[in-house]
Amino acid sequence: MSTAMFAGVSGLKSQQTKLDVIGNNIANISTTGYKSQSVSFSDILSQTLSSATAPSTTSSRGGTNAIQVGLGVTVSSVSTNMDTGSTETTGNDMDVSIGGDGFFIVQGGTTGNYQFTRAGNFGVDSNGNLTVNGLTVCGWQEYSTDTDGTYTYNTQKTVEPINLFSDSINGNKKVIAPAATETATLSGTLLPTEDAQGTALTTIGTSPTDTDSTTTMTVYDTQGNSYDVQVKLTKCYTDTTTGGTTSGYTSWYWEAASSDSDLAVGTPASGYIAFDSDGKLVTTDTTNFSTTPSITLTPASSIGASAFTVALDMSGLSSYTSTSSSSSSVTATTDGYASGELQGVAIGTDGVITGTYSNGQKQPLAMLALANFTNPEGLEKIGTNLYATTVNSGSFTGGVAAGSSGTGTLSSGTLEGSNVDLAQEFSNMMITQRAYQANSKIITTSDEMMETLINLKR
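Just so we're aligned, residue 306 is where the sequence shown starts under my numbering, counting upward by one.
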């Protein structure tokens, strides 16, 4: 009877542990990135009353099974369900969820050099550190820029805490430095019906006052100061026998000038382009008709900025008759920009954090790193949505880029919800309650039987 009573006690303790786990799951139904747990039981070593016997061919007796009485139940494991939780849209650009396996890497906890989390509710502290729940988020900050303007982060380096305001590699990231204008691209249509004002293909005579098209472009010097520069185009001359053919060339005179008194347009500040009889730019005679001339711009000495050269790209010009316009029309776009201050950040699916500046420019600030493990269920929960490595989880071998090495890509403006199945938890809770009641009946029944036995003496 005492064995039954002790078995009942072990059942009560085990079911209580299961109820503790269920209660913790339900309590964390709204916890970001929480992973639910489940309890598994195993029986305690049984007491053997009679060992098994083998069949006997001499006595024609059959074999018998062992007679064993179990000694109760114990908790064999509490497993963590690492399935990805549902994605919840927040609209906050600093919130990030992992669409698959992997963990964000953080520092500042009490266990180990690194800790790991699925919670991506990031923030930025007053010093510019990227944080989550008061811990610094880790990644990479060193990158190289390719010739086509794309950039590549060095993901082979050891991860480090990310600072969005400054770092030893990129310096001050709160302000983006100005860039001097290097290229101006002209596009549009010059009407072939305009009146020619020159006397030869490359002879305009005196600088024309009546231009056919004028476009104003904004350029920037090395300090980020802006100036307005006008490019004026005037039909010059048509020669139907150019090159010994009757196809015909029509030349246009261009001239660059600035209405800004703080900027001087250097020599050459004018030239010619030509179109064939099909209205296409002539690109074979670069000596007389360059489609990529350059102008030198010199700020006033009081400005203190050095002179800079702007290449005019006129390859986007054509000369066709227009049915929608009665005049020539040319527009210009330029590169270069003034300095700007950091106004916002965005996190890409690859983990690259891009800063947006007040001048409309963007530049990379850092790249988030993820961690993956051979046995993520073996990680230890240490509170505040954090995990630490154990001898059974596999070691942390360094950060990897999102979407590589088995990790999922990132989704900004979302958070991963808890993966707790509330209906399943309620069902488990009711079963656990009944099991607890049944085990308590074992104890009360054993007590009543013991009382009956004691009363035999009376």
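Every residue, glycine too, gets a C-beta built ideally from N, C-alpha and C.
As the structure is a computational prediction, the values presented were derived from the model and not from experiment.
Point to revise | Helix, strand or coil at Gln-461 [DSSP, three-state] | key: In the three-state scheme derived from DSSP, where H, G and I count as helix and E and B as strand, Gln-461 is classed as coil.
Next on the checklist: Considering only their Cβ atoms, is the gap separating Asp-544 from Ser-556 smaller than 9 Å?
Outcome noted: Going by beta carbons, Ser-556 and Asp-544 fall inside the 9 Å limit.
Worksheet item: In the structure shown, what three-state DSSP assignment does Gln-502 receive?
Response: DSSP, reduced to helix, strand and coil, places Gln-502 outside both helices and strands of the structure shown, so it counts as coil.
According to DSSP, simplified to helix, strand and coil, what is Val-657? Assignment of Val-657 by DSSP, reduced to helix, strand and coil, places it in the strand class.
Rounded C-beta distance between Asn-333 and Ser-723? I'm assuming under 8 Å.
6 Å between Cβ atoms; contact.
Am I right that Ile-467 and Gln-668 are in contact with their C-beta atoms under 8 Å? What's the rounded C-beta distance?
Not confirmed; about 15 Å, so no contact.
Comparing C-alpha positions only, which one of Cys-541, Val-536, Lys-462 and Gly-476 sits nearest to Ala-501?
If we check each option's Cα against that of Ala-501, Cys-541 comes out closest.
Considering only DSSP beta bridges, list what Lys-540 is partnered with. In the DSSP output, where bridge partners are listed per residue, Lys-540 has Trp-557.
**Message:** Going by DSSP in three states, Ser-663 sits in which element: helix, strand or coil?
**Reply:** The answer is coil: DSSP assigns Ser-663 none of H, G, I, E or B.
*In terms of DSSP beta bridges, what is Phe-408 paired with?*
Per DSSP, Ala-676.
- Applying the criterion that 16 or more other CB atoms from any shown protein chain within 10 Å of the CB defines a buried residue, is Arg-423 buried or exposed? Here Arg-423 is buried, its C-beta having at least 16 other C-beta atoms within 10 Å.
Which residue from Asn-677, Ser-531, Leu-495 and Leu-673 puts its Cα closest to that of Thr-519? Among Asn-677, Ser-531, Leu-495 and Leu-673, the Cα nearest to that of Thr-519 belongs to Leu-495.
Can you check which of these residues, Val-344, Ile-578 and Gln-412, is closest to Thr-597 by C-alpha distance? From the listed residues Val-344, Ile-578 and Gln-412, the smallest Cα separation to Thr-597 is found for Ile-578.
TODO: Classify Ser-717 as helix, strand or coil using the three-state DSSP reduction.
DONE: Ser-717: strand per DSSP, three-state reduction.
Quiz item: Just how far apart, CA to CA, sit Gly-764 and Glu-646?
Solution: Since the first residue of the chain shown is 306 and the last is 763, residue 764 is not available in this structure.
In chain order, what residues of the same chain lie with their CB nearer than 7 Å to the CB of Ser-319, ignoring the 5 residues before and after it? Cβ within range, chain order: Phe-346, Val-378, Thr-379 and Val-380.
**Asked** Among Thr-601, Leu-491, Tyr-625 and Ala-676, which one has its Cα closest to the Cα of Gly-407?
**Response** Of Thr-601, Leu-491, Tyr-625 and Ala-676, the residue nearest in Cα terms is Ala-676.
Check: Alpha carbon to alpha carbon, what distance is there between Tyr-458 and Val-464?
Finding: Straight-line Cα distance between these residues: approximately 12 Å.
One question on the structure: do Thr-415 and Ile-687 come within less than 9 Å of each other, judged by their Cβ atoms? Going by C-beta atoms, Thr-415 is nearer than 9 Å to Ile-687.
Touch test, the stretch 308-328 against the stretch 732-748, Cβ-Cβ under 8 Å, three pairs minimum: Counting C-beta pairs closer than 8 Å gives three or more between the stretch 308-328 and the stretch 732-748, which meets the contact rule.
- request: Label Thr-737 either buried or exposed according to how many other C-beta atoms from any shown protein chain fall within 10 Å of its C-beta, with 16 as the threshold for buried.
  value: Thr-737 should be labelled buried.
Q.
Alpha carbons only, please: which of Ser-307, Asn-680, Ile-608 and Gly-576 is nearest the one belonging to Thr-385?
A. Minimum Cα-Cα distance from Thr-385 among the listed residues Ser-307, Asn-680, Ile-608 and Gly-576 corresponds to Asn-680.
- request: Helix, strand or coil for Val-705, going by three-state DSSP, please let me know.
  value: Val-705: strand per DSSP, three-state reduction.
- Task: State buried or exposed for Gly-425, treating a residue as buried only when at least 16 other CB atoms are found within 10 Å of its CB.
- Result: Residue burial annotation: Gly-425 is buried, with at least 16 other C-beta atoms found within 10 angstroms of its C-beta.
Does the Cβ of Ala-312 have 16 or more other Cβ atoms within 10 Å, making it buried, or fewer, making it exposed?
-> By the neighbour-count rule (16 or more Cβ atoms within 10 Å), Ala-312 is buried.
So Phe-311 is in the alpha helix (DSSP H); what residue range does that whole segment cover? It spans 307-332 - the alpha helix (DSSP H) in which Phe-311 sits, taken as one unbroken run.
| field | Cβ pair Ala-671, Gly-444 closer than 9 Å | value | Judged by beta-carbon spacing, Gly-444 lies within the 9 Å limit of Ala-671, meaning their Cβ atoms are closer than that value.
- Task: Look at Thr-523 and Thr-389 and say whether their C-beta atoms are less than 9 Å apart.
- Result: Taking 9 Å as the Cβ cut-off, Thr-523 and Thr-389 do not qualify as a contacting pair.
Legend entry - Under the three-state DSSP convention, the category Glu-393 falls into: DSSP, read as helix, strand or coil, puts Glu-393 in strand.
Is the separation between the beta-carbon of Gly-529 and that of Tyr-662 shorter than 9 Å?
At the C-beta level, Gly-529 and Tyr-662 stay beyond 9 Å of one another.
- Item | Boundaries of the alpha helix (DSSP H) in which Asp-623 is found, first to last residue | The question names Asp, but residue 623 is Ser in the sequence shown. Ser-623 -> not in any alpha helix (DSSP H); beta strand (DSSP E) instead, spanning 613-623.
Determine the DSSP secondary structure at Ala-728, reduced to helix, strand or coil.
Helix.
Excluding sequence positions up to five away, which residues of its chain have a Cβ less than 6 Å from the Cβ of Asn-509? For the record, residue 509 in the displayed sequence is Ile; it is not Asn. Gly-503, Cys-541 and Tyr-558.
What is the DSSP secondary structure of Met-754, reduced to helix, strand or coil? The three-state reading of DSSP puts Met-754 in helix, counting H, G and I together.
request  = Using beta-carbon positions only, say whether Thr-486 and Phe-613 come within less than 9 Å of one another.
outcome  = Yes, Cβ-Cβ distance for Thr-486 and Phe-613 is below 9 Å.
Margin query: If you reduce the DSSP assignment to three classes, tell me which class Thr-738 lands in.
Written below: As written in the sequence, residue 738 is Gln, which differs from the Thr given in the question. If DSSP states are grouped into helix, strand and coil, Gln-738 belongs with the helices.
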